[in-house]
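Residue numbers (full-length UniProt numbering): 1 to 283. Worksheet: the structure to be examined is printed underneath.
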């Protein structure tokens, strides 16, 4: 805002009656100059106040920076202290873990030793108990020795008498057993002889059958009636075309077969005039 406008608004109206117009004009100019100076001074004052504020801010900033530096130094020192403490704590923990491991190993060793000592103590106590029992038994035996000697002599006498009685009984039993053994041996020998005879008979019959089988096949002869009243139950020879009609008979089968084979021999052999069956059919 200009000085003139400011004065026009703020100064009261001065009439021309009390002074000349030139004086009023001079006063106005003086006022204008004073107002301009005041405004310039105000502007300077503002600039100065701003500069002072800036200077104060710089000082505060410097103080703050110094405080920050101090605090940073303190923080660094505290961090270093904390780092040292943590490192010491870690070292102590590591050493403690190592010591705990060593303690555990030593505890295990001591426990194993204690267990071995307990086992040895138990074994030794058992041995001591057994030894005490054995010593007591030996003492009792020593006390009983004279009584036992008498008892042993009596037992020996009784044993001698019993042995004599047993020998007598054994002699009697030996005779009886010898007789029984002889009887059994004779029976076994007789059974063996019977078995050998049966085997020999079977072998002879087999040899006869083999000899008959080696004979040539005879020619078929005409039908002849059998003289025996019983019927034959044997199978016919292999060379017959039709089997003979035969019924069971108490005659041994091998003998009947031999009769059949010998009856049907070839013509150059002497013929057999009979057959041990009642009805012998040939075709």
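From the three backbone atoms N, C-alpha and C, an ideal C-beta is built for every residue, glycine too. Because the structure is a prediction, the values reported are computed rather than measured.
**Item:** Backbone CA spacing between residue 246 and residue 190 [nearest angstrom]
**Value:** As a first step, residue 246 is located in the chain shown; it is residue number 246 there, counting from the start. As a first step, residue 190 is located in the chain shown; it is residue number 190 there, counting from the start. Note that residue 246 scores 44 on pLDDT, short of 50, meaning its location in the model is unreliable and no value can be drawn from it.
**Asked** In whole angstroms, what is the alpha-carbon distance linking residue 200 and residue 209?
**Response** To locate residue 200, count along the chain shown from 1; it is residue 200. To locate residue 209, count along the chain shown from 1; it is residue 209. Approximately 14 Å, taken between the alpha carbons.
**Message:** At a threshold of 6 Å, does residue 157 count as lining the ligand COA (C-beta to nearest heavy atom)?
**Reply:** Here there are no bound small molecules, and the ligand COA is not part of this structure.
**Item:** Rounded separation between residue 84 and residue 63 - CA only
**Value:** Position 84 of the chain shown, counted from the first residue, corresponds to residue 84. Position 63 of the chain shown, counted from the first residue, corresponds to residue 63. Cα to Cα, the separation comes out at about 31 Å.
**Message:** Between which residues of its own chain and residue 98 is the CB-CB distance below 8 Å, once the five residues before and five after are set aside?
**Reply:** For the purposes of this step, residue 98 is taken as the residue at position 98 of the chain shown. Cβ contact annotation for residue 98 (same chain, cutoff 8 Å, sequence separation greater than five): none.
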